[in-house]
Amino acid sequence: MTFSMVELMETQNREQYALHRRYINPSLARVQTIIGFDKIYVRGEGSYLWDADGNRYLDLLSGFGVFNLGRSHPVVKQAIQDVLVADRPNMVKMDCPLLAGLLAEELVKRVPTGLDAVFFANSGADAVDTALKFARAATKRPRMLYLDHAFHGLTLSTLALNGGKEFRDGFEPLMSGFDAVPMNDLGVLESQLRRKDVAAFIVEPIQGKGVYIPADNYLPEAQRLCHKFGTLFICDEVQVGMGRTGRFLCSEHWNLEPDMVTLSKSLGGGYVPVSATIARRTIHDATFSRLDRCQVHSTTFGQNELAMAAGLATLYVMDNERLIERSATMGEKLLKGLAALQERYEMIADVRGKGLMIGIEFKAPRSLSLRAAWTAAETARKGLFAQLVVMALMQEHHILTQVAGPDVNIIKLLPPLIIGEQEVEMIVAGFDAVMSEATSIGGHVWAQSVQLAQHALGRRV
Ligand SMILES: Cc1ncc(COP(=O)(O)O)c(C=O)c1O
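Heads up: the sequence shown at position 206 corresponds to 1075 in our numbering, and the numbers run straight through without jumps.
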């Protein structure tokens, strides 16, 4: 019998939920079913997914920010195929592979002057973990500061920088001396930095869990304070980098000059896991400080040729299709369309974002009947209304979105950067219809509330 991947995919694709329930994560499989996300997707191209019944879905999840170029981009696909066909000498390890050098060169061209040393790894958390180690080695200091609501990954070290209790619970104790500071409070930050034991202050220039944007002066001032007290300033651009917010790096919105930057997600073109920690040369070299320490930090699959080829092709496509400009212009249109809905629907509290990273925050309605339904839902689980809107967008409009984090009434949109006017109109029309329905207590949106609340209260999986 020969092995046929095509046959496996064709004959087994209806089994995926059963397999996950049995062998992988039954809780997650059950949640997908409860919220109506249990589709059998068979194809992805551009901004869309198709299920086995031929239905098309507009994907504003983008694999949590992986598909900035859209899915199945032909240029990235070709680059990966070229590497495969050439039987390249991949991961020799005792080697200095060409493609890693080329990708490092391309990345350095795109980041602020002075960030000129690149370390490649496989995931966002890997990249952050690298930055933390580099910071300790370069400063010889033990502590790290991060922001409330921060998300930098879910490995044990990055969890110690996580501003969400929901993620930390059950895994403590975490790293000691890793402390949260509130966003926009420079006084608290300064009082911590004055102790001169902080190796690094790490920020997401716009926070992913909630789409929180700092006050205009906060990041530049925080960077100034860090430099004053000898603390390294790290911008975690894993989600907001790569053109997502209408600039290559989100930190460009404030003309920041961080000491280190992390990138991942869409750097792999939606095909191959990859991440990069880009640092000042002196910081990088403090870790690899002697010949016998030249591999003191490394990861087996870092610099692998498929990832490097995908990264090179991705950067080419971003330039060629002017995706950064597109993210800025389409983002503005989408923000404007959604902001107009805020004028009409009292439950929309805020619409915010930069480029194509957009948050829509909800608040309790004033009308008495609606308020009772809202209170019941929120008592069962904070943020349940946002989940109801996500479900309605999926069921009635075939639009995939996500709640922006645990216990928040905020929906986050991360569309591929290739979306056009047509998709912007679809998104605004979808939200308009769902919000219009949500103003009536008899509407479909609230009908799902009771069932969802029961699951939430019982925390049944
Ligand atoms: C800002 C940020 N940093 C780090 C990570 C962790 O990335 P990964 O899931 O690839 O480990 C994420 C993931 O969403 C992120 O948004």
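Ideal placement from N, C-alpha and C gives every residue a C-beta, glycine not left out.
Should F1036 be counted as a contact of ligand 1 given a C-beta to heavy atom distance under 7 Å? The answer is no for F1036.
| What residue from V1314, I949 and I1288 has the CA that sits closest to S931's CA? | I1288
On a CA-only basis, which of P1285, E1174, T1156 and I949 is nearest A1197? Give me that one, please.
Of the candidates P1285, E1174, T1156 and I949, P1285 places its Cα closest to the Cα of A1197.
Alpha carbon to alpha carbon, how far is R883 from K908? Give it in angstroms, no decimals. 10 Å
**Item:** F872 (DSSP reduced to helix, strand or coil)
**Value:** coil
Test item: CB-CB of I1075 and T1114 under 8 Å: Yes, these two residues count as a Cβ contact at 8 Å.
For this session: Mind listing, in chain order, the continuous beta strand (DSSP E) runs of no fewer than 3 residues lying wholly within the segment 1005 to 1043?
Result: 1012 to 1016
Nonlocal neighbours in the same chain, by C-beta distance under 7 Å from V944, ignoring five residues either side = A1182, Y1185 and V1186
Q. Considering T1183, what are the terminal residues of the beta strand (DSSP E) in which it resides?
A. Element bounds for T1183: not the beta strand (DSSP E) but the alpha helix (DSSP H), E1174 to N1189.
Sorry if obvious, but does the Cβ on H1021 come closer than 7 Å to a heavy atom of ligand 1?
yes
Unbroken beta strand (DSSP E) run spanning M1129, endpoints = Counting along the chain, the unbroken beta strand (DSSP E) around M1129 starts and ends at M1129 to L1132.
Legend entry - Per-residue burial, V1330 [other beta carbons within 10 Å of its own, 16 or more giving buried]: Legend: pLDDT at V1330 = 42, less than 50; position of this residue unreliable, no value from coordinates given.
Discussion item. Below 7 Å, is the gap between the Cβ of F933 and the nearest heavy atom of ligand 1?
Written reply: Answer for F933: yes, Cβ within range of ligand 1.
query: Are V1050 and L1016 closer than 8 Å when you measure CB to CB?
result: yes
V1330 (DSSP reduced to helix, strand or coil): Note that V1330 scores a pLDDT of 42, beneath 50, so its modelled location is shaky and nothing firm can be said.
inquiry  = By the three-class DSSP mapping on this structure, what secondary structure does M963 have?
reply    = coil
*Can you tell which of L927, L929, R912 and P1127 has its C-alpha closest to the C-alpha of A921?*
Taking only the C-alpha atoms, the option nearest A921 is R912.
At which residues does the beta strand (DSSP E) containing E914 begin and terminate?
Where E914 is concerned, the enclosing beta strand (DSSP E) stretches over Y910 to E914.
query = Once you ignore the five residues that flank F1003 on each side, which residues in its own chain have a CB closer than 6 Å to its CB?
reply = A1148, I1152 and T1156
Is L1055 closer than 8 Å to A1091 when the C-beta atoms are compared? A Cβ-Cβ contact shorter than 8 Å links A1091 with L1055.
- Task: Answer with buried or exposed for Q1164, where buried requires no fewer than 16 other C-beta atoms within 10 angstroms of its C-beta.
- Result: exposed
Is it buried or exposed for Q1256, if we count other Cβ within 10 angstroms and need 16 for buried?
-> buried
M1304, buried or exposed, once every other Cβ within 10 Å from all chains shown has been counted against 16: Under this definition M1304 is a buried residue.
- request: Give me the Cβ distance between H1313 and Y926, rounded to the nearest whole Å; I'm assuming they're in contact under 8 Å.
  value: Incorrect: roughly 18 Å between the Cβ atoms, too far for contact.
For this session: Excluding the 5 residues preceding and the 5 following G1171 in the sequence, name in chain order all residues of the same chain whose CB lies nearer than 6 Å to its CB.
Result: Result list for G1171: F989 and A990, in chain order.
Next item on the list: Would you list the residues sitting across from V980 in a DSSP beta bridge?
Entry: Note: V980 is not bridge-paired with any residue in the DSSP secondary-structure output.
Do you know offhand how far N1189's Cα is from A1218's?
-> 38 Å
ask   = Which ranges does the alpha helix (DSSP H) cover as unbroken runs of at least 4 residues, wholly within the segment 1290 to 1321, from first to last along the chain?
value = 1290 to 1307
Check your understanding: What's the gap between the Cα of V997 and the Cα of L1062?
Key -> Their Cα atoms are separated by approximately 20 Å.
Heavy atom of ligand 1 within 7 Å of G1077 beta-carbon: yes
Exercise. Which term fits G1274, buried or exposed, when burial requires 16 or more other beta carbons within 10 angstroms of its beta carbon?
Worked result: buried
- Compute the Euclidean distance between the alpha carbons of V1072 and T880, then round it to the nearest angstrom. Cα to Cα, V1072 sits roughly 46 Å from T880.
How long is the line joining the alpha carbons of G1138 and E1294, rounded to whole angstroms?
Taking the CA atoms as reference points, G1138 sits about 26 Å from E1294.
| M878: buried (16+ other C-beta within 10 angstroms of its C-beta) or exposed? | exposed
- With a floor of 3 residues, list each beta strand (DSSP E) that falls wholly inside the segment 1246 to 1298, ordered by position along the chain. 1279 to 1282
Taking R1010 as the reference, give the member of S1045, K1232, G934 and T1168 with the closest Cα. S1045
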